[in-house]
Amino acid sequence: MIEFLNDYLPILMLFAFAALIFTGFPVAFLLGGVGIGATLIAFVAGAFPDDAFYTIPIRIFGTFSKSYIFPAVAMLLFMGVALEQSGISREMLKCLHLLFRKIPGSLAVAVTIIGVLLAPTAGMVGASVSMLTLVALPTMIDRRYPVSVATSAVAAGGTLGLILPPGLMLIFLASRLHVTVGEMFLATVVPGLFLVGIYIIYFIISGTFNPSMRTSQEPFETIAGRQLFIYIARSLALPTLLIAAVLGSIIGGFATPPQSAAVGAVGSLLLMILNSSFSLRKLHAVIRGTLEITGMVILIVMAALIFSYPFRFFSGDELVRDFITILGFNDWGILITVMLITFILGFFIDWIEITVITIPIFFPLLTALNFETYTGSPTLSVIWIATLFALVLQTSFLTPPFGFALFHIRSAAPSWITIGSIYRGVMPILALQLLMIILVLLFPGLATTLPNTVFEIND
761 MIEFLNDYLP
771 ILMLFAFAAL
781 IFTGFPVAFL
791 LGGVGIGATL
801 IAFVAGAFPD
811 DAFYTIPIRI
821 FGTFSKSYIF
831 PAVAMLLFMG
841 VALEQSGISR
851 EMLKCLHLLF
861 RKIPGSLAVA
871 VTIIGVLLAP
881 TAGMVGASVS
891 MLTLVALPTM
901 IDRRYPVSVA
911 TSAVAAGGTL
921 GLILPPGLML
931 IFLASRLHVT
941 VGEMFLATVV
951 PGLFLVGIYI
961 IYFIISGTFN
971 PSMRTSQEPF
981 ETIAGRQLFI
991 YIARSLALPT
1001 LLIAAVLGSI
1011 IGGFATPPQS
1021 AAVGAVGSLL
1031 LMILNSSFSL
1041 RKLHAVIRGT
1051 LEITGMVILI
1061 VMAALIFSYP
1071 FRFFSGDELV
1081 RDFITILGFN
1091 DWGILITVML
1101 ITFILGFFID
1111 WIEITVITIP
1121 IFFPLLTALN
1131 FETYTGSPTL
1141 SVIWIATLFA
1151 LVLQTSFLTP
1161 PFGFALFHIR
1171 SAAPSWITIG
1181 SIYRGVMPIL
1191 ALQLLMIILV
1201 LLFPGLATTL
1211 PNTVFEIND
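Dropping the structure here:
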């Protein structure tokens, strides 16, 4: 029995999780349940030593107590929820539409830029996409935007925050791939802004050739002169400066991620006061929303750790790496295989589970790949691969028929909007995503030049 468990328990864990994921239960419960079940079976059978069994809670506690990630997660989420609950995000949309009203497809362009500015809310795919769906989609429909274009703008804007600093996914990726948060942030700036640019070009072209979008350019309200300046400063400039301060302090090394995130949280409260939207009821809603999302993140991470500990104890990670190695691929083949696995996993589980479970499994395999001559150094190779991971995960969440972002749009959108129209709308966005991944694969400097210039990486 012990020999059987030593050989096959990781495989049984994978099959059990794969089968249970279609039951509709929350992924965190499934991961934790499979992990606890496997651990208990191995312990009762004598395959799991007592000392290893009793140290599992200590290891989980150590992960949370020694990591800078989780305080930063809570504060960044507080910042994002405050911007959303206070109505600042809606005011930002109105302000951007006012500024870009002469541009075809101005509302879609504004929604895309909102996705950039509200990157801190992109802690979970569902939270950011659902927020944009509720804030922007009804307005776009009222302005006679085609449903496919409106939903594609929401999907694009809602997932952009995943790959743009200070997105939480980038902080997790940096931790798991052993690069600094500043390096990870800088690596995604150029690809992320390039994506923003081609999204905007697409929406402008759509607006140019679509009569219904050309007749919807009147702003929500007409403001001019000094009043316009004050409105822009309050609704757009100050939130942008706040996010820039959080990002700049981390990249510049002036503050740790938790310190910068704390500044962002306090700054978001000040913005609520300046916008006359602060109240104890709003503060309660912000704190509650932050606790709910933070609790969800912690629960998922805890479940992933419970699953990964017995999986790795019984050499499941080595089993996966050996399987990929015996395929006989060269370095490029292994890299693309890992990215394809990550892409498929993104259909079923969120980025938190992927970064906590799968990236540590793949990390030794990826660091053994020889891309030094291609990127310039081993560290730059890891930064480049980390950027590819971020882009692949974002693309996975947008891909029919399983994309998380698409289902969250459907659940938050009016009932008459069909999933088919959402699928049709996202196809051009998906093509642009694939173009960006190919460009980063072919031109690693898109991801490595900025961090190398700022930090002078030489190894």
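When you number the sequence shown by this note's numbering, it's gap-free, plus one each residue, and the end is 1219. Beta carbons are placed, not taken as given, at the ideal position from N, Cα and C, and that holds for glycine. Computed from a predicted structure; not experimentally measured.
Residue j beta carbon less than 8 Å from that of residue i
| i | j | result |
| --- | --- | --- |
| residue 1189 | residue 1158 | yes |
| residue 1006 | residue 1023 | yes |
| residue 1224 | residue 922 | Beyond the ends of the chain as shown, which are 761 and 1219, falls residue 1224; an answer cannot be given. |
| residue 999 | residue 1030 | no |
| residue 914 | residue 897 | yes |
| residue 927 | residue 1010 | no |
| residue 1002 | residue 1027 | yes |
| residue 1196 | residue 933 | no |
| residue 1097 | residue 1103 | no |
| residue 869 | residue 990 | no |
| residue 1131 | residue 1091 | yes |
| residue 1074 | residue 770 | yes |
| residue 1076 | residue 773 | yes |
| residue 1141 | residue 1217 | no |
| residue 799 | residue 789 | no |
Cβ shell of residue i (< 6 Å), same chain only, five flanking positions each side left out
| i | result |
| --- | --- |
| residue 1064 | 791, 1113, 1116, 1117 |
| residue 838 | 1025, 1050 |
| residue 899 | none |
| residue 1160 | 1183 |
| residue 972 | 904 |
Buried versus exposed, by CB contacts within 10 Å (16 or more), residue i
| i | result |
| --- | --- |
| residue 1041 | exposed |
| residue 763 | exposed |
| residue 986 | exposed |
| residue 1081 | buried |
| residue 893 | buried |
| residue 936 | buried |
| residue 765 | buried |
| residue 1135 | buried |
| residue 844 | buried |
| residue 962 | buried |
| residue 821 | exposed |
| residue 1054 | buried |
| residue 768 | exposed |
| residue 1144 | buried |
Reduced DSSP category for residue i - H, G, I as helix; E, B as strand; rest coil
| i | result |
| --- | --- |
| residue 1005 | helix |
| residue 1144 | helix |
| residue 862 | coil |
| residue 1096 | helix |
| residue 1176 | coil |
| residue 1212 | helix |
| residue 813 | helix |
| residue 938 | coil |
| residue 970 | coil |
| residue 1050 | helix |
| residue 904 | coil |
| residue 1139 | helix |
| residue 1131 | coil |
| residue 1039 | coil |
| residue 828 | coil |
| residue 1000 | helix |
| residue 1091 | helix |
| residue 1156 | helix |
| residue 1204 | coil |
| residue 1068 | helix |
| residue 1104 | helix |
| residue 1182 | helix |
| residue 840 | helix |
| residue 926 | coil |
| residue 1020 | helix |
Endpoints, the alpha helix (DSSP H) within which residue i is located
| i | result |
| --- | --- |
| residue 911 | 907 to 923 |
| residue 1122 | 1119 to 1127 |
| residue 1012 | From DSSP, residue 1012 is part of no alpha helix (DSSP H); its letter is neither H nor E. |
| residue 766 | 762 to 780 |
| residue 1081 | 1076 to 1085 |
| residue 794 | 787 to 804 |
Cβ-based neighbour list, residue i, same chain, cut-off 8 Å, excluding 5 preceding and 5 following
| i | result |
| --- | --- |
| residue 1181 | 907, 908, 911 |
| residue 1035 | 846, 847, 848, 851, 994, 995 |
| residue 1162 | 1107, 1108 |
| residue 835 | 1018, 1021, 1022, 1024, 1025 |
| residue 872 | 913, 916, 917, 920, 956, 959, 960, 963 |
| residue 1209 | 950 |
Sequence-distant residues of the same chain with beta carbon closer than 7 Å to residue i, five excluded per side
| i | result |
| --- | --- |
| residue 1147 | 947, 948, 951, 1200, 1207 |
| residue 776 | 794 |
| residue 718 | Absent from the model: residue 718. The displayed extent of the chain is 761 to 1219, so no value can be given. |
| residue 1174 | none |
| residue 806 | 762 |
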